[in-house]
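A.B. asks: One structure follows; several queries about it will come next.
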Amino acid sequence: MRDSSHHPINKEHLMYSARYLFAGLLLAAFMTQPACAAKKAETKASAPLEQAQVDDPVSTFKTGCKAELDKFCKDVMPGDGRQLACLYAYQDKLSTRCEYAIYDAAAQLQREVNALSYVAAECDDDLDKYCANVDPGEGRLLACLEKNEAKVSSRCEQAIQDTGLNKVK
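Rendered as structure tokens:
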């Protein structure tokens, strides 16, 4: 019989990983909250609610951790990662469903960050040329690129199509 302390993934390793995941999510939630909120509002306007919940990291987190949020964090005001910080204090009491929801939300955020990074890299020259005076945030840069659609490079246009940002209106 194998000793579980020699297994490459043991409980201590999972708890150590969970701490870093929580820290990463707190950082990601703080940094991407306006982008997620804008995308969520835009997605809800153009897609059924079920699809919006699947694509929205905040909804994934709140749905998967509803029991824990109601039990441990009911008096915590949502926003700025406060609920996630609250759950961090109770991480040893989280259900598998909640842990998975946090992991899934982090993966969704990472995909969104990767998509935005790809578009930013491919559209860098176009952003400098056509949108230099536009303040970032709340979809303003994407709106500027769409406004100048006839002039933007094919690389930029392709990146927007590849990521599906052209469908978020």
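Reading the sequence shown from the start, the letters are residues -37 to -1, 1 to 132 in mature numbering (1 follows the signal peptide of the UniProt record, and there is no 0). Just so it is clear, CB atoms sit at the ideal spot from N, CA and C, and this is done for glycine as well. Small disclaimer: the values here were computed from a predicted structure and weren't measured.
Residues in the same chain with beta-carbon distance under 8 Å from Glu112, minus the five sequence neighbours each way, listed in chain order, please.
C.D. replies: If we look at Glu112 and ignore the five residues flanking it on each side, its Cβ neighbours are Glu120.
A.B. asks: With the cut-off set at 8 Å, would you say Tyr66 and Ala122 are in Cβ contact?
C.D. replies: Not a contact, by the Cβ cut-off of 8 Å.
A.B. asks: Does the stretch 98 to 113 come within contact of the stretch 36 to 56, defined as at least 3 CB pairs closer than 8 Å?
C.D. replies: Taking 8 Å as the limit for Cβ pairs, the verdict is that the stretch 36 to 56 does not touch the stretch 98 to 113.
A.B. asks: Closest Cβ-Cβ distance between Met40 and chain D: below 8 Å?
C.D. replies: Absent here is chain D; the protein component of the structure consists of one chain.
A.B. asks: Can you look up Ser116 in the DSSP assignment and give me helix, strand or coil?
C.D. replies: Reduced to three states, the DSSP call for Ser116 is coil.
A.B. asks: Distance, Cα to Cα, Lys25 vs Met40?
C.D. replies: Approximately 13 Å, taken between the alpha carbons.
A.B. asks: Suppose the cutoff is 6 Å on Cβ atoms and the five residues either side in sequence are ignored; what does the same chain contact list for Gly27 look like?
C.D. replies: Counting only Cβ-Cβ distances below 6 Å, and skipping sequence neighbours, we find Arg60, Cys61, Ala64.
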